[in-house]
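To convert a position in the sequence shown, counted from 1, into the numbering used here, add 259.
Before any comments, here is the structure.
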Amino acid sequence: MAIGPAPRNDKAYIMQLALQLQDLERRSTALISRISANYPTNTPGEIIIADTTSGAVTVSLPFAKEFYGKSVFVKKIDASVNAVTLQPQSGDTIDGASNKAIAVQYMSYTVFSTGAEWIIV
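Listed below in C-alpha cells is the structure:
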C-alpha cells in the first residue's frame with residue numbers, strides 16, 4: 260500500500276513546483292544585476308535588469324543540469340529595438356527553443372531549470 264500521492268512528472272506539476280520555488284527565492288535576498296552588455300549568469304534566483312539602449316544583449320544561462328530546481332529572472336527596461344536574448348548552453352533549450360528573445364520594453368521571462376531543460380514559468 261502506497262503512502263501519499265504518486266510521484267508526478269508532468270509539466271503542470273513541474274511548473275507548480277517552479278512557481279513555489281520562485282516565490283521562496285523572491286522572499287530571500289536576491290542578487291539584482293543591471294546590465295548593458297553580454298552577461299553570463301551563475302547565481303540562482305538572480306534578477307537581471309537589462310538595458311539594450313546601446314546594443315543587443317545576450318544573457319548566457321548555465322547548463323540546466325547544473326542549475327536543477329533554480330530560476331533566473333530577466334527583464335528588458337528600455338524602449339530600443341535591441342533585444343535581450345536568453346541563451347542556454349549547447350544542448351539545452353528554453354521551452355524547446357534554442358533561445359528566447361525579449362524585444363519589448365518591460366517584458367520579462369523567468370526561466371526555471373528542470374535539470375534537463377529550461378522552462379518559462
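For each residue, glycine too, the CB sits at the ideal point set by N, CA and C.
Bridge partners - residue i, DSSP secondary structure assignment
{"i": "residue 363", "result": "In the DSSP output, where bridge partners are listed per residue, residue 363 has none listed."}
{"i": "residue 378", "result": "371"}
{"i": "residue 346", "result": "319"}
{"i": "residue 303", "result": "Residue 303 pairs with nothing; no bridge assigned."}
{"i": "residue 330", "result": "371"}
{"i": "residue 292", "result": "307"}
Alpha-carbon to alpha-carbon, residue j and residue i
{"i": "residue 333", "j": "residue 322", "result": "17 Å"}
{"i": "residue 346", "j": "residue 376", "result": "12 Å"}
{"i": "residue 261", "j": "residue 366", "result": "For residue 261, the predicted model reports a pLDDT of 47, less than 50, meaning its position is unreliable; a value from the coordinates is still stated below. Straight-line Cα distance between these residues: approximately 44 Å."}
{"i": "residue 374", "j": "residue 279", "result": "17 Å"}
{"i": "residue 359", "j": "residue 369", "result": "11 Å"}
{"i": "residue 271", "j": "residue 314", "result": "36 Å"}
{"i": "residue 349", "j": "residue 301", "result": "16 Å"}
Exposed unless 16 or more other CB atoms sit within 10 angstroms - verdict on residue i
{"i": "residue 305", "result": "buried"}
{"i": "residue 296", "result": "exposed"}
{"i": "residue 277", "result": "buried"}
{"i": "residue 378", "result": "buried"}
{"i": "residue 372", "result": "buried"}
{"i": "residue 320", "result": "buried"}
{"i": "residue 263", "result": "Because the pLDDT of residue 263 is 48, which lies under 50, any placement of that residue in the model is unreliable, and the question is left without a value."}
Option nearest residue i by Cα separation, candidates the options
{"i": "residue 343", "options": "326, 372, 364", "result": "364"}
{"i": "residue 336", "options": "294, 302, 320, 317", "result": "294"}
{"i": "residue 283", "options": "318, 291, 271, 328", "result": "328"}
{"i": "residue 273", "options": "348, 330, 339", "result": "330"}
{"i": "residue 341", "options": "326, 289, 316, 320", "result": "316"}
Taking 8 Å as the threshold, find out whether the segment 306-316 comes into contact with the segment 347-358 through three or more Cβ pairs. No contact exists between the segment 306-316 and the segment 347-358.
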